[in-house]
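Worksheet: the structure to be examined is printed underneath.
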Amino acid sequence: METNFNKNIEEYELQKMASKKVVKLRSFYRHLIIYVIGVLIFVSKEYFGAPLNFFPIKHLNLLIMGVWTVFLVVTAIDLFASYKIFGEEWEERKVKSILEKKSKTQKWE
1 METNFNKNIE EYELQKMASK KVVKLRSFYR HLIIYVIGVL IFVSKEYFGA PLNFFPIKHL
61 NLLIMGVWTV FLVVTAIDLF ASYKIFGEEW EERKVKSILE KKSKTQKWE
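Using the UniProt record's numbering, you'd call the opening residue of the sequence shown number 1 and step up by one each time.
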């Protein structure tokens with residue numbers, strides 16, 4: 001028998017998961033914008049010979065751009081491809097199973 005209380009808990013958990021997803025998306029898009037700016041600076045420095053020799057940009061080289069690209073790709077895979085593998089239905093089933101386990105272990109005396 002499903003009570004209104006259980007529905008509220010389930011709805012709260014789903015809302016919490018959705019808000020975490022939104023925070024991850026916002027963080028990824030910020031990272032992507034900063035990455036695009038970094039690529040533009042790198043290309044203008046390396047290929048067009050722009051005189052950008054002040055501290056942080058002076059050390060922007062191909063190795064740093066490569067590592068940064070790998071981190072961005074891993075973040076994108078974690079955010080978008082893992083959603084395809086572990087989709088919304090999987091998340092809902094997992095939340096329900098966790099809530100059921102908690103309700104079974106919870107003892108009312």
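By construction, the Cβ of each residue, glycine as well, lies at the ideal position given by its N, Cα and C atoms.
Own chain partners of residue i with C-beta closer than 7 angstroms, once the 5 adjacent residues on each side are dropped
{"i": "residue 93", "result": "none"}
{"i": "residue 81", "result": "none"}
For residue i, three-class secondary structure by DSSP
{"i": "residue 8", "result": "helix"}
{"i": "residue 71", "result": "helix"}
{"i": "residue 31", "result": "helix"}
{"i": "residue 49", "result": "coil"}
{"i": "residue 14", "result": "helix"}
{"i": "residue 1", "result": "Residue placement at residue 1 cannot be trusted, given a pLDDT of 48 that sits under 50; the coordinates are not used to answer."}
{"i": "residue 99", "result": "helix"}
{"i": "residue 92", "result": "helix"}
{"i": "residue 80", "result": "helix"}
{"i": "residue 115", "result": "No answer is possible for residue 115: the residues shown for the chain start at 1 and end at 109."}
Supposed contact pair residue j and residue i - C-beta distance, whole angstroms, cut 8 angstroms
{"i": "residue 99", "j": "residue 9", "result": "6 angstroms"}
{"i": "residue 48", "j": "residue 60", "result": "Incorrect: roughly 14 angstroms between the Cβ atoms, too far for contact."}
{"i": "residue 25", "j": "residue 79", "result": "7 angstroms"}
{"i": "residue 89", "j": "residue 17", "result": "That pair is no contact at about 13 angstroms."}
Buried versus exposed call for residue i [16 or more other C-beta atoms within 10 Å across all chains shown]
{"i": "residue 1", "result": "Note that residue 1 scores 48 on pLDDT, short of 50, meaning its location in the model is unreliable; the coordinates nonetheless yield the value given after this. Burial call: exposed."}
Spatial neighbours of residue i in its chain, beta-carbon cut-off 8 angstroms, leaving aside the 5 residues before and after
{"i": "residue 31", "result": "72, 75"}
{"i": "residue 38", "result": "60, 65, 68"}
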